[in-house]
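Asker:
Numbering (this note's numbering), first residue to last: 207 to 1162.
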């Protein structure tokens, strides 16, 4: 059966167009019940006569949730207690458009046959399709469609002699519930039904508080009714009108990591570097925004503009009913000559909430056992008020909580408990928190993905040899960190008869194994990148590829994508070629092993000679890059020595970089640049490239100020000027000063981004850090999906493969780039957090005295860098609860410096500190610092090797 709809619309040019849409209806769609005798084919998605788990409906029954229940209560529906649930097509489609996280979870449950969830296509069933009435809203029509489908199920099961089976509609919509009852349907609110599941009392804690306050069902939070803390959010219709008129701006909110009362709204781009920013300060101006939300912001009059506070400020409130915040007024009144554009959030366009990991604070009121404040692990997320009857048990565990809403009268958002991850401090628990907090996909690869892998044993066939260049006789080798199993790249160099050099970079041909449109391709595109933690790796592709068939292991034949240059002895490139190849790496070396070969004059084998030639050419290439204005920046990287049994860290040291690190880097950069030029020539509109925007000059203010503090004028007009200024900034008596200055420079930089060449002018392709006009990623396809796409583009460009629609669609490429930029950033943050976790484990039972440097000076704290551990910690100065005996520090913002008792502490000064892990608050253990040198009476502590002081010293 076909039903048609006719639409008439007027085009921009004024002509009228009639559109006819046909909707196909069928009679053969199954109900999914194993008890049904009326459907022509047997189906066992829904059990025949499931045992009732509800005291409200003791008969065997199926459950049909409406859309809002499925969205807001997905944490409960996803629990194994819920089985035999019918998800209507109306509900599924609405969720797909409204809430993709809930949609993905629902699809996951639907695919699990043990759960007996059934997706019923009511929109294409002849008896359940519901036409929209004239003047009827889309929401009312969908509610009616859900009721009609429920009614059909009820009647259908009776006709099929399954008269003992009931169908229960779950809705929190009062009007929908009333109409369903009038139509003779069995209907309950979701909270009523869950509370009646007496075998599963813990489910009540997981109920979302949305739409439940009127019932007073134990999920209502007590707030200051009528005493509003926040302005009312504007209606979306008004926001849209003002956005169109230009009186409001739309952007993504990024909360400060150092001060919970501050943040920025970035307007006009996917990333900070693409956007102008509006500074937001104070609770009322933040107006219930959460990190990551898309908001409408109103620019304040210029006389109300302010600037970021120098305070490092944490929200230390312990009472969920404590609505007052003394810090808000103090911070917002801060005066400064360097005010920046400031604004206030007037409305939320899109909430980007997700489940958050963290811990519960102990209740502030003795004997209170139900209301708790949840403290997220991510400092940029506000505390969340929840109610749970499991509070005492959960206090020692890491848990997941979801936000339900944020009323105007509540200091904090309201949410519900989702699940426990395990005990605080357990490595497995903490690692799981890291992955969840940084949104790292880490589920096992699905059967569909694993089915895409080649069968073993894998061999190279004559057909492969016919389309690839055989390079197995060449002395190719790889150089990687110790323990590396996902070897992406290998190199070779040999002298030609004409006196020039043949230099080759050979990259794992991952695109041969991952074909477009397959399940493994979709999974790799979603994951975006491999994530490296201290103790494990979260692969982008299954291990058979990452550590075996694609890994360029020593003495094994592998497929590669090769870039070959002919170079002069001055490293000038005469010609380049690109082709698919077969290689057999003669050695898989570590950086240290390669360096030993280069330095050992007694070795003159083919591999060693190749490495020496590569190293000499790499030095010339680096010299050329630096002369062109490429930057050499700095960051701290550490390596942990692990106990082989417990896998706990037993030592930590800064990674030592050798010449061979730079050698490999130079040729990887050169390969990326060469490939970028080639794919852009072939695909000027859809090449996947990588750019590094030049920072705004205002970003360099901390760097310029830092240089002036030591008598250096840092030039920032261009990358070359900056590079030369950094090279010249040397303090002989402080050998670590230049490294720290480069670290400060790194903080001033914008994020490098993937992009589609067709969406930006060529002038915006520039990579500021490398000082090259065009760049991409080609050299790490095992661990980066961007490189897989670049391999496909290059293969098409040289005639080694065929194209496909999304590869040459600049819009699709840019959408992919947006995800890759997000995944890349999250992987970086997750890796740093893993290092931080293991550093805490290393220090947990120790007090260490260590040399450090003052990296930044804040209004109430010093940021201390400990080079040996690659650790940056905070040493707090003035206590918020000062007493008459406390040492008072004086902050000089221009210096910058902090002074007390005749001692002045300046940026980059060396200090000696004592470090230990403060465990007094089990909810949030952290590094605690005490100053040893320079000695400030009443504040500093005695060195560890001296006798303890007779008088109690001040500690921080």
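Don't be surprised by glycine CBs; every beta carbon is placed ideally from N, CA and C.
#1: Reducing DSSP to helix, strand and coil, say where residue 420 ends up.
#2: Count the CB pairs spanning the region 683-692 and the region 792-812 that are closer than 8 Å, and state whether there are at least three.
#3: With distances taken from CA atoms, which of 552, 392, 494 and 1106 is nearest residue 506?
#4: How should residue 331 be labelled, buried or exposed, when 16 other C-beta atoms within 10 angstroms of its C-beta is the threshold for buried?
#5: Per the DSSP calculation, residue 550 is bridged to which residue(s)?
#6: Which same chain residues, not among the five before or five after residue 900, have their C-beta less than 8 Å away from its C-beta?
#7: Who are the Cβ neighbours of residue 890 in its own chain at under 8 Å, not counting the five residues just before and after it?
#8: In chain order, which continuous runs of the alpha helix (DSSP H) of length 4 or greater are located wholly inside the region 937-981?
#9: Rounded to the nearest angstrom, what separates residue 1051 and residue 1133 at their Cα positions?
#10: Looking at residue 496 and residue 396, is the spacing between their C-beta atoms short of 8 Å?
#11: Mapping the DSSP letters down to three states, classify residue 1124 as helix, strand or coil.
#12: When you compare the CB positions of residue 976 and residue 885, do they come within less than 8 Å of one another, or not?
#13: To test your reading of the DSSP string, which unbroken beta strand (DSSP E) runs of 3 or more residues are found completely within the region 581-641?
#14: Could you have a look at residue 801 and say whether DSSP puts it in helix, strand or coil?
#15: Assign residue 1037 to one of three DSSP states: helix, strand, or coil.
#16: When the Cα atoms are used, what is the spatial distance from residue 867 to residue 820?
#17: Alpha helix (DSSP H) containing residue 1104: first to last residue?
#18: Excluding the five sequence neighbours on either side, which residues of its own chain have a C-beta within less than 6 Å of the C-beta of residue 423, listed in chain order?
#19: DSSP puts residue 771 in a beta bridge; with which residues?
#20: Find the nearest neighbour of residue 1036 within the set 641, 283 and 501, judged by alpha-carbon distance.
#21: Take residue 1122 as the anchor and find which of 1095, 1109, 980 and 1136 has the nearest alpha-carbon.
#22: Check whether the region 294-302 and the region 400-418 touch, using three or more Cβ-Cβ pairs below 8 Å as the test.
#23: At what residues does the alpha helix (DSSP H) containing residue 812 begin and finish?
#24: Which residue's Cα is closest to the Cα of residue 1055: 1067, 982, 1148 and 372?
#25: Measure the alpha-carbon distance for residue 987 versus residue 726 and round it to whole angstroms.
#26: Could you tell me whether the region 253-260 touches the region 235-245, using the rule of 3 or more Cβ pairs below 8 Å?
#27: In terms of residue numbering, what span does the beta strand (DSSP E) encompassing residue 471 cover?
#28: To the nearest whole angstrom, what separates the beta carbons of residue 327 and residue 351, a pair I think is in contact under 8 Å?
#29: Could you spell out where the alpha helix (DSSP H) holding residue 301 opens and where it closes?
#30: Among the residues of its own chain, which have a CB less than 6 Å from the CB of residue 638, if the five just before and after it don't count?
#31: Which residues in the same chain as residue 745 place their Cβ atom closer than 7 Å to its Cβ, once the five residues preceding and following it in sequence are excluded?
#32: Whose C-beta lies closer than 8 Å to the C-beta of residue 731 among residues of the same chain, with five residues either side of it excluded?
#33: Go through its chain and collect everything with a Cβ distance to residue 1009's Cβ below 7 Å, but skip five positions before and after it.
#34: Can the beta-carbon of residue 371 be found closer than 8 Å to that of residue 392?
#35: Taking only the alpha-carbon atoms, compute the straight-line gap between residue 1140 and residue 1117 and give it to the nearest angstrom.
#36: For residue 655 versus residue 823, is the C-beta spacing smaller than 8 Å?
Answerer: The structure says:
#1: Taking the chain shown and counting its residues from 1, the one referred to as residue 420 is at position 214. Here residue 420 scores only 34 on pLDDT, less than 50, and its place in the model should not be relied on; the value that follows carries that caveat. Helix, per DSSP.
#2: The region 683-692 makes contact with the region 792-812: 3 or more CB pairs, one atom from each, lie closer than 8 Å.
#3: Looking up residue 506 in the chain shown gives position 300. Distance from the Cα of residue 506 is smallest, within the candidate group 552, 392, 494 and 1106, for 552.
#4: Translated into positions along the chain shown, residue 331 becomes position 125. Result: buried.
#5: Within the chain shown, numbered from 1, the residue matching residue 550 stands at position 344. Beta-bridge pairing by DSSP links residue 550 to 504.
#6: The count along the chain shown starts at 1 and reaches residue 900 at position 694. Cβ within range, chain order: 925, 956, 972 and 974.
#7: Here residue 890 refers to the residue found at position 684 of the chain shown. Closer than 8 Å at the Cβ level, and outside the excluded window around residue 890, lie 963 and 964.
#8: The region 937-981 contains these whole alpha helix (DSSP H) runs: 943-954.
#9: Within the chain shown, the letter at position 845 stands for residue 1051. Within the chain shown, the letter at position 927 stands for residue 1133. Using only the alpha carbons, I get a separation of about 12 Å.
#10: Locating residue 396 in the chain shown gives position 190, counting from the first residue. Locating residue 496 in the chain shown gives position 290, counting from the first residue. Cβ atoms of residue 396 and residue 496: not closer than 8 Å.
#11: The residue you call residue 1124 lines up with position 918 of the chain shown. In this structure, residue 1124 counts as strand in the three-state DSSP scheme.
#12: Here residue 976 corresponds to residue number 770 of the chain shown, with the count starting at 1. Here residue 885 corresponds to residue number 679 of the chain shown, with the count starting at 1. Taking 8 Å as the Cβ cut-off, residue 976 and residue 885 do not qualify as a contacting pair.
#13: The region 581-641 contains these whole beta strand (DSSP E) runs: 590-593, 603-611 and 620-629.
#14: Taking the first residue of the chain shown as 1, we reach residue 801 at position 595. It is helical.
#15: Taking the first residue of the chain shown as 1, we reach residue 1037 at position 831. In this structure, residue 1037 counts as helix in the three-state DSSP scheme.
#16: Walking along the chain shown from the start, residue 867 turns up at place 661. Walking along the chain shown from the start, residue 820 turns up at place 614. Going by C-alpha positions, residue 867 is about 12 Å away from residue 820.
#17: Taking the chain shown and counting its residues from 1, one reaches residue 1104 at position 898. Taken as a continuous stretch (DSSP letters only), residue 1104 belongs to no alpha helix (DSSP H), being part of the beta strand (DSSP E) at 1103-1106.
#18: Position 217 of the chain shown holds residue 423. Confidence in residue 423 is poor, its pLDDT being 36 and thus under 50, which makes the residue's placement too unreliable to answer from.
#19: One-based indexing of the chain shown puts residue 771 at position 565. Answer is 709 and 782.
#20: Taking the first residue of the chain shown as position 1, residue 1036 is located at position 830. Relative to the Cα of residue 1036, the nearest Cα in the group 641, 283 and 501 belongs to 641.
#21: Looking up residue 1122 in the chain shown gives position 916. Among 1095, 1109, 980 and 1136, the Cα nearest to that of residue 1122 is on 1136.
#22: No, because fewer than three Cβ pairs between the region 294-302 and the region 400-418 fall closer than 8 Å, the two stretches do not touch.
#23: Within the chain shown, residue 812 is the residue found at index 606, counting from 1. It spans 812-833 - the alpha helix (DSSP H) in which residue 812 sits, taken as one unbroken run.
#24: In the chain shown, the residue the question calls residue 1055 occupies position 849. Residue nearest to residue 1055 within the set 1067, 982, 1148 and 372 is 1148 (criterion: CA-CA distance).
#25: On the chain shown, position 781 is the one that residue 987 refers to. On the chain shown, position 520 is the one that residue 726 refers to. Approximately 14 Å between the Cα atoms of the pair.
#26: Output reads yes: the region 235-245 touches the region 253-260.
#27: Locating residue 471 in the chain shown gives position 265, counting from the first residue. Its beta strand (DSSP E) spans residues 468-473.
#28: By one-based count along the chain shown, residue 327 stands at place 121. By one-based count along the chain shown, residue 351 stands at place 145. In fact, because the Cβ distance is near 12 Å, the residues do not count as touching under 8 Å.
#29: By one-based count along the chain shown, residue 301 stands at place 95. Note, residue 301: alpha helix (DSSP H), 295-304.
#30: As a first step, residue 638 is located in the chain shown; it is residue number 432 there, counting from the start. Taken in chain order, the residues that qualify are 627.
#31: Taking the chain shown and counting its residues from 1, one reaches residue 745 at position 539. The answer, listed in chain order, is 736 and 752.
#32: Sequence index remark: in the chain shown, residue 731 carries index 525 (1-based). Excluding positions up to five away in sequence, the list reads 991, 1022 and 1025.
#33: Against the chain shown, residue 1009 aligns to sequence position 803. Closer than 7 Å at Cβ, skipping near neighbours: 1002.
#34: Taking the first residue of the chain shown as 1, we reach residue 371 at position 165. Taking the first residue of the chain shown as 1, we reach residue 392 at position 186. For residue 371 and residue 392, no; Cβs fall outside 8 Å.
#35: Along the chain shown, read from residue 1 onward, the residue named residue 1140 stands at position 934. Along the chain shown, read from residue 1 onward, the residue named residue 1117 stands at position 911. Looking at the two C-alpha atoms, the distance is approximately 6 Å.
#36: Looking up residue 655 in the chain shown gives position 449. Looking up residue 823 in the chain shown gives position 617. Not in contact: residue 655 and residue 823 (Cβ atoms no closer than 8 Å).
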